[in-house]
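Position one of the sequence shown corresponds to residue 1 (the UniProt record's numbering), numbered consecutively onward. I have placed the structure first, in the form of structure tokens, so that the comments after it can refer back to it.
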Amino acid sequence: METAFFLAMGWCGTRYPGWWRRFLKNPPPPPDPEPWWAVAAIGLGLIAGAAGGTFFSNAIAENQFFAGQIASASGLFAYGASNIVTGIATAFRN
1 METAFFLAMG WCGTRYPGWW RRFLKNPPPP PDPEPWWAVA AIGLGLIAGA AGGTFFSNAI
61 AENQFFAGQI ASASGLFAYG ASNIVTGIAT AFRN
């Protein structure tokens, strides 16, 4: 169940391709005819979320600071890891 939660948080943290264009005030380009990059970004977000959440959960398992909050703290770390990894990957795409 913990892995499913990390996968869901990884999916939610996935940046959409071209997310950085809103800061440049450029109009978004028309959608690609083949959405393989969006599918690859979602897959990358799932992997980054599961890996980040699992590693963080294992790292804080015995820490008293996170007592009773391991799942929520690890879920937030999974979200952040996915957001950072897919943000960097989609920035290099376009």
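Here a beta-carbon is modelled for each residue, glycine too, at the ideal position from N, C-alpha and C. Quick caveat, the model's predicted, so the values are computed rather than measured.
>> For Gly65, count the other beta carbons within 10 Å of its own beta carbon; 16 or more makes it buried, fewer makes it exposed. Which is it?
In response: For the sequence presented, residue 65 should be read as Phe rather than Gly. Exposed is the call here.
> What residue range is occupied by the uninterrupted alpha helix (DSSP H) comprising Met9?
Replying inline: The continuous alpha helix (DSSP H) containing Met9 extends over residues 2-12.
> Between Ala81 and the rest of its own chain, which residues show a CB-CB distance below 6 Å, the 5 nearest in sequence each way excluded?
Replying inline: The answer, listed in chain order, is Ala48, Gly52.
> Does DSSP classify Gly75 as helix, strand or coil?
Replying inline: Gly75: helix per DSSP, three-state reduction.
> Going by the CB atoms, is the gap between Phe23 and Ser74 shorter than 8 Å?
Replying inline: Going by C-beta atoms, Ser74 is not nearer than 8 Å to Phe23.
> Quick one, are the C-beta atoms of Ala38 and Ala89 less than 8 Å apart?
Replying inline: Against a cut-off of 8 Å, the Cβ pair of Ala89 and Ala38 comes out as no contact.
>> Could you compute how far the alpha carbon of Pro35 sits from the alpha carbon of Thr86?
In response: In this structure, the CA atom of Pro35 is about 16 Å from the CA atom of Thr86.
> Near Tyr79, what residues of its chain come up, given a Cβ to Cβ distance below 8 Å and the 5 sequence neighbours on each side ignored?
Replying inline: Excluding sequence positions up to five before and after Tyr79, its CB lies within less than 8 Å of the CB of Met9, Gly10, Cys12, Gly13, Gly49, all in the same chain and listed in chain order.
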